[in-house]
Structure formats: C-alpha cells, structure tokens
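Residue numbers for the sequence shown follow the numbering used here, beginning at 471 and rising by one.
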Amino acid sequence: MAFWTGKSSAGVIGGLAARGELGVAIFFALSAFLLSAPFVRRAIGQPARWSLGTYLVRRAARIMPAYLFALVGVVTAAAVLGGAAADVLDVRTVLVHLVVGQGWTGRTFQSFTQTWSLTTEVTFYLILPVVALLLARPTRGATPTATAHRLLVACGVVAVVGLVGQGAIDLLPSPDDAGVLATSAAGHAAWFALGAALTVVIEAEHAGHPVSRRPWLEALRTSPGTLVVLAGVLWLVASTDVAGPRGLEPANGLESVAAEVLYGLVAGCLLLAATTRGLTELLTDSPAAGPARWLGDISYAVFLWHVVVIQVSFAVLDLQLFAAPFGLTLVLTTVVSVGLAHLSWSLLERPVLALAHRRRYAPVPQPAPRA
Numbered sequence: 471m472a473f474w475t476g477k478s479s480a481g482v483i484g485g486l487a488a489r490g491e492l493g494v495a496i497f498f499a500l501s502a503f504l505l506s507a508p509f510v511r512r513a514i515g516q517p518a519r520w521s522l523g524t525y526l527v528r529r530a531a532r533i534m535p536a537y538l539f540a541l542v543g544v545v546t547a548a549a550v551l552g553g554a555a556a557d558v559l560d561v562r563t564v565l566v567h568l569v570v571g572q573g574w575t576g577r578t579f580q581s582f583t584q585t586w587s588l589t590t591e592v593t594f595y596l597i598l599p600v601v602a603l604l605l606a607r608p609t610r611g612a613t614p615t616a617t618a619h620r621l622l623v624a625c626g627v628v629a630v631v632g633l634v635g636q637g638a639i640d641l642l643p644s645p646d647d648a649g650v651l652a653t654s655a656a657g658h659a660a661w662f663a664l665g666a667a668l669t670v671v672i673e674a675e676h677a678g679h680p681v682s683r684r685p686w687l688e689a690l691r692t693s694p695g696t697l698v699v700l701a702g703v704l705w706l707v708a709s710t711d712v713a714g715p716r717g718l719e720p721a722n723g724l725e726s727v728a729a730e731v732l733y734g735l736v737a738g739c740l741l742l743a744a745t746t747r748g749l750t751e752l753l754t755d756s757p758a759a760g761p762a763r764w765l766g767d768i769s770y771a772v773f774l775w776h777v778v779v780i781q782v783s784f785a786v787l788d789l790q791l792f793a794a795p796f797g798l799t800l801v802l803t804t805v806v807s808v809g810l811a812h813l814s815w816s817l818l819e820r821p822v823l824a825l826a827h828r829r830r831y832a833p834v835p836q837p838a839p840r841a
C-alpha cells in the first residue's frame, strides 16, 4: 500500500510501511515453527503422530481453497479492468497460478504479486519431510539434549546457506534469475531455519531437556515486552537504506543479506514473545482471546485479497498511482479486505479445514494460530 500511494519514501512512517514485507519473514518462521514440531518431538524421544498423507491433505486444505477463491477474484478484476491489470491475462498465466508456480516463473498478475511467497511456502511444505528424514540418522541414538544441539547446528547451517544465497544474487547473469533465487525457499532458508530452531528450543524445554541454562536465554524466555520493543527497534533499523531501496528497485547482495537478517530477527523476537512461558494460558483467559483468534483465522485471506482490493479501489475511485491519499486507501482496503476475508473463512476455509482435520486420529483443531 505504501508503494501504491507513493508514501514509501515519505520519512520514518513511509519507511516502516515500506518494510511491511517483513510480515513474510514472520509467516515463514511461524510456518516452520509449527510444522517442524512433530519431527522435533520425535527426534528428542517424545510422542508425536505424523503421516505424510494427512500432512499433505491438511496443507492443501489450508492453502488452496482461499487461494483459488482469491485467484478467481484476481482474474475477474483483470478481465473487467483491462489495461495493466490484464497485461498477463492468458491461459498460461492462469495455469501457472493454478499450480502456485508464479514464484518460480515470475509471471503473475499485478494484483497477485504478493503470492510469490506461496510458491516458497509450498516448496517448504514439500522439502520439510525430506529434511527431517535426512536428519533422522545423525540424531539417532543420541541423548535428547545432544539431539537438540545437533538439530540447532543443522538449523544454523541451513540459515547460513540461505544467507550465502542472498548474498550471491549479484553474481547471477540475469536479473530474473536473481529475483527467483532471492524469493525462493533456498533464498529464504534462514527464516525457515529460525522457526525450526525456536521449535527445538521450546520442545526441548517442554521435555525437560533445555538446550541451555544460561541466564540470557532465561531472560529471553521470560521477557515478552522487551522482545516486542526489540522487534520494533529492529523494524526501525530495517526501514533505513541498510536493507535496500524502499521501492521496486532490486537490492544488491549485501542489502539483501541485511534485510534477511533484520527481518528474521524481528520474526524471532515476536515468536519468542508469543511463546513466553505462561503467556498462552494468560491470553486464553483474557477478553482479547476471541478477537485475536478471529484475526488469526482471517489473516491469510486478508493477505490474498488486499492487493486486488487496492487495484479495484484505484480504478473505481480514479486514484492516481503514487499520489493517492494514504489514510483513505488504508481504511478502505482494510474494511473491504477484512470483509472478504471473513466470508472466505466462514464459508470456505473453515468447512474445508474441519473436513481435513476429521481424517484419522486428529481432533478438530482450534481456529488459530495456523501456518
């Protein structure tokens, strides 16, 4: 939104808004945090039920229904609005989107550009069981604490590989290839590794085998307010030029690495804050629990719909690109996107998820949080 309204270059607030993309880092880290839990529990000798079929069905149920619904809206908007909205409106583009391949091809609709992250997310879904299988042998037979340490080392190696990939984008001959690498699961491996590492720390702690008893770790695990403030400070640092241009200009390798590290640290701080001991029970009993669950439920569909809502709003209200009122655009986009997301959740996502979670041994899940 900051880009569409031209406010991404307007001072501190514009910089913070321009770095709203760090939400992707939170999304990836949270996804890895949740989905790696069964593998981590099993590795450290705790009970964990998991099957490939159930896993794939649930992942498809979480991602695809809302995605296909939004894709229909995007294609319809492109056909009706024409112009730049319909530049890539053809059978090939639609087919690419049906298999969530836009992140690999770079071919996407103007109002669906944010869904490159779904290509990366789906890639992670497919890679995760393979990585877990590869790590099973090195951790077999070790004590729970030693296993946790080995898993943390593996997460560290994966993170470093991802950062090296980000730093190497300047070496690629084609800007298109650099863009694909920078947004791929390999390019963002550090964010996924961070989420998995936090799972190792927390699951080992729950099992009575903490990875460390050092005071600084205990302080991090019991200081949610400090972590949230630290996340805000890191976001502020990321809003500067150290993390690259605020617009669509490509960042260089060093800027990409800086953004990857800063966004990852923000995600890590927020995840640690959210998993503070005793916080879940406290929030569950608070008046904010219901609204928080609802926001968690609709957040995915808000992500899917908000750009096409901006696009249609600009066309209907005849707003000028880079010169639209930020406040009006923000309020209008929020209201309409939340409304569409609520319909998507209530009429489509929730019924499909309930059906998927009735398979085999699983209880019907609580609505939020979800990866």
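Positions of the beta carbon are idealized from the N, C-alpha and C atoms, including for glycine.
If you draw a 10 Å sphere on the C-beta of Ser756, you find fewer than 16 other C-beta atoms in it, and that means exposed. Straight-line spacing of the CA atoms in Ala624 and Leu605 works out to 8 angstroms.
Membership of Ile496 in the alpha helix (DSSP H) is indicated by the continuous run Leu492 to Leu505.
Under the 8 angstroms Cβ criterion, the segment 690-699 does not count as touching the segment 625-632, having fewer than three qualifying pairs.
Contact between Gly738 and Leu664 holds: their C-beta atoms lie close to 5 angstroms from each other, under 8 angstroms. By the 16-neighbour rule on beta-carbons within 10 angstroms, Leu526 is exposed.
As for any beta strand (DSSP E) of minimum length 3 sitting wholly inside the segment 648-676, there is none. With a contact defined as Cβ atoms closer than 8 angstroms, Val570 and Thr583 miss out at about 14 angstroms. Counting along the chain, Leu818 sits inside no alpha helix (DSSP H), nor does DSSP assign it H or E at all.
Spanning the alpha carbons of Gly797 and Leu718 requires a straight line of approximately 22 angstroms. For Gly717, the three-state secondary structure derived from DSSP is coil. With a contact defined as Cβ atoms closer than 8 angstroms, Tyr595 and Arg519 miss out at about 18 angstroms. In the structure shown, Val627 falls within a helical segment according to DSSP collapsed to helix, strand and coil. Per the Cβ contact rule, the segment 772-791 is in contact with the segment 799-812 (3 or more Cβ pairs under 8 angstroms). By the Cβ-count criterion, Val727 is buried, with 16 or more other Cβ atoms from all chains shown falling within 10 Å of its own Cβ. Ala502 sits close to Thr669, with the two beta carbons spaced by under 9 angstroms. The C-beta distance from Val707 to Leu732 rounds to 6 angstroms, short enough to meet the 8 angstroms contact threshold. For Phe773, the three-state secondary structure derived from DSSP is helix.
Counting of Cβ neighbours within 10 angstroms places Gly678 among the exposed residues, the total staying below 16. In the three-state scheme derived from DSSP, where H, G and I count as helix and E and B as strand, Gly515 is classed as coil. Residues of the same chain with a CB within less than 8 angstroms of the CB of Pro645, apart from the 5 flanking positions on each side, are Pro720 in chain order.
C-alpha of Lys477 to C-alpha of Val806: approximately 21 angstroms in a straight line. In this structure Val558 is in contact with Phe579, their Cβ atoms being roughly 6 angstroms apart against a cut-off of 8 angstroms. Leu735 sits buried, since 16 or more C-beta atoms from the chains shown fall within 10 Å of its C-beta. Excluding the 5 residues flanking it on each side, Thr593 has same chain C-beta neighbours closer than 6 angstroms at Ala655, in chain order. Burial check for Ala554: the Cβ neighbour count within 10 Å stays below 16, so the residue is exposed.
Between Ala785 and Leu492, the C-beta gap is not smaller than 9 angstroms, which leaves the two residues out of contact. The three-state secondary structure of Asp755, taken from DSSP, is coil.
If you draw a straight line from the Cα of Ile780 to the Cα of Thr803, it comes to about 6 angstroms.
CA-CA distance, Glu675 to Phe662, rounds to 20 angstroms. At the C-beta level, Leu752 and Ala762 stay beyond 9 angstroms of one another. Remark: C-beta atoms of Glu673 and Val510 approach each other more closely than 9 angstroms.
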